[in-house]
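**Student:** Take a look at this one; I'll ask things after.
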Amino acid sequence: MKILYMGTAAAEGWPGLFCSCPICSHARKEGGKNLRTRTQALLDDEILLDFPPDSYCHALKYGLDFGKLHTLLVTHSHMDHWFPTDIIHRHEHFGHGAEGVLDIYGNEAVEKAFYEHILIDRFKPHPIDDVVHFHRTHGGDRIHAGEWEIIAVPADHDKREEPLVYICKKGGKTVFYGHDTGANLSPEAWDLLAAEHFDLISLDATMGLKTIGGYHMGLPDIEPFIQKLTDLGCVDSHTVKVINHFSHNGEMTHDQLTAWGAERGILAAYDGMTVEF
Ligand SMILES: [Zn+2]
Ligand SMILES: [Zn+2]
Ligand SMILES: [Zn+2]
Numbered sequence: 002m003k004i005l006y007m008g009t010a011a012a013e014g015w016p017g018l019f020c021s022c023p024i025c026s027h028a029r030k031e032g033g034k035n036l037r038t039r040t041q042a043l044l045d046d047e048i049l050l051d052f053p054p055d056s057y058c059h060a061l062k063y064g065l066d067f068g069k070l071h072t073l074l075v076t077h078s079h080m081d082h083w084f085p086t087d088i089i090h091r092h093e094h095f096g097h098g099a100e101g102v103l104d105i106y107g108n109e110a111v112e113k114a115f116y117e118h119i120l121i122d123r124f125k126p127h128p129i130d131d132v133v134h135f136h137r138t139h140g141g142d143r144i145h146a147g148e149w150e151i152i153a154v155p156a157d158h159d160k161r162e163e164p165l166v167y168i169c170k171k172g173g174k175t176v177f178y179g180h181d182t183g184a185n186l187s188p189e190a191w192d193l194l195a196a197e198h199f200d201l202i203s204l205d206a207t208m209g210l211k212t213i214g215g216y217h218m219g220l221p222d223i224e225p226f227i228q229k230l231t232d233l234g235c236v237d238s239h240t241v242k243v244i245n246h247f248s249h250n251g252e253m254t255h256d257q258l259t260a261w262g263a264e265r266g267i268l269a270a271y272d273g274m275t276v277e278f
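FYI, in this note's numbering the residues of the sequence shown are 2 to 278.
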């Protein structure tokens, strides 16, 4: 299986759009892996994870035709994960030859934002019901898409909605995609994780040096979280461990994140990183 990390930043991007802190200034000066767009990933060129405003740039950068994709898993409605307006461009008027249907899975807040952006007067001549199907999704739901089995897991994130993270399985390989979530998962979520053995885990390291005790993780949360997964038998020395979804407010440069990970057998994601496992 293959995962492509197309974007690896938290909401404001890295450097932040309006930010001149030392980390953002360093990123602008150095460029390369220090530049991060908003978080989005692609599994085996088939499963699209989240749809930030940078999705269009990701399609350009990575040479992708999103009209060939049929499954989009949306974790929650925050703008760095869900920019629904661009979905209108899957209509035949804008997206010639887009194949079949795009199935979108997301919670109620994601669904509400979707219809608020699509069902506006300007787009009424271009209904997309035939080419995009929205599926309201809850924690514990099991989704079947082609050869994939996907399990929605309740996240420890914005309590105003039901944020989800996803377990994705195909051909004997299993991935945990954990963006965005803190470490304080519900017993239901731990039960769902405990039933799996992961070949790759992708963990929220938004806060960098810091920890805020939930909502997001920082590096102080990562090792205890991996230890808990190890104790549950979900993770072992063969599991690829990745940290992702970084904020400049974590006060670490890309090189510092990479060095921290290298000492612990953990990969710090960057835009364009591909992992095969
Ligand atoms: Zn986010
Ligand atoms: Zn900054
Ligand atoms: Zn979020």
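Even for Gly, the Cβ is constructed at its ideal location relative to N, Cα and C.
What are the residues that DSSP puts in a beta bridge with SER203?
**Tutor:** According to DSSP, which records beta bridges pairwise, SER203 is partnered with TYR178, VAL243.
**Student:** Let me make sure I understand the geometry here. Which of GLY32, HIS27, TYR57, ALA28 has the alpha-carbon closest to that of GLN41?
**Tutor:** For GLN41, the nearest C-alpha among the options comes from TYR57.
**Student:** Around the Cβ of GLU112, are there at least 16 other Cβ atoms within 10 angstroms (buried) or fewer (exposed)?
**Tutor:** Its Cβ being crowded by 16 or more others within 10 Å, GLU112 is buried.
**Student:** Out of PHE247, ILE244, ALA206, ILE202, state which residue places its alpha-carbon closest to the alpha-carbon of LEU230.
**Tutor:** Nearest C-alpha to LEU230: ILE202.
**Student:** Three-state secondary structure (DSSP) at CYS222?
**Tutor:** Before going further, note that residue 222 is Asp rather than Cys in the sequence given. Correct three-state label for ASP222: helix.
**Student:** Given ASP142, which residues of its chain have a CB within under 6 Å of its CB, disregarding the five upstream and five downstream residues?
**Tutor:** Excluding positions up to five away in sequence, the list reads ALA153.
**Student:** Can you pull every residue whose C-beta falls closer than 5 Å to some heavy atom of ligand 3, listed in chain order?
**Tutor:** Going along the chain, the residues that qualify are HIS79, ASP181.
**Student:** Any idea if GLY172 is buried or exposed, counting beta-carbon neighbours within 10 angstroms, 16 or more meaning buried?
**Tutor:** Classification of GLY172: exposed, given that the 10 Å Cβ count is below 16.
**Student:** Distance, Cα to Cα, HIS27 vs ILE151?
**Tutor:** Going from the Cα of HIS27 to the Cα of ILE151 covers about 39 Å.
**Student:** Please tell me whether, using a cut-off of 7 Å, the distance from the CB of HIS249 to the nearest non-hydrogen atom of ligand 2 is below it.
**Tutor:** Within the cutoff, so yes.
**Student:** Fully enclosed by the region 68-147, which alpha helix (DSSP H) runs are 4 residues long or longer?
**Tutor:** Qualifying alpha helix (DSSP H) stretches, in chain order: 109-119.
**Student:** In or out: GLY262 buried (at least 16 other Cβ within 10 Å) or exposed?
**Tutor:** Per the 10 Å Cβ criterion, buried.
**Student:** Is DSSP giving ILE213 helix, strand or coil here?
**Tutor:** Three-state result, ILE213: coil.
**Student:** Below 8 Å between beta carbons: does that hold for GLY215 and ASP159?
**Tutor:** Not a contact, by the Cβ cut-off of 8 Å.
**Student:** Check this for me: beta carbons of GLY68 and GLY98, under 8 Å apart or not?
**Tutor:** Yes, they are a contact pair.
**Student:** What does CYS169 pair with, by DSSP beta-bridge criteria?
**Tutor:** DSSP output for CYS169 lists ILE151, VAL176 as bridge partner(s).
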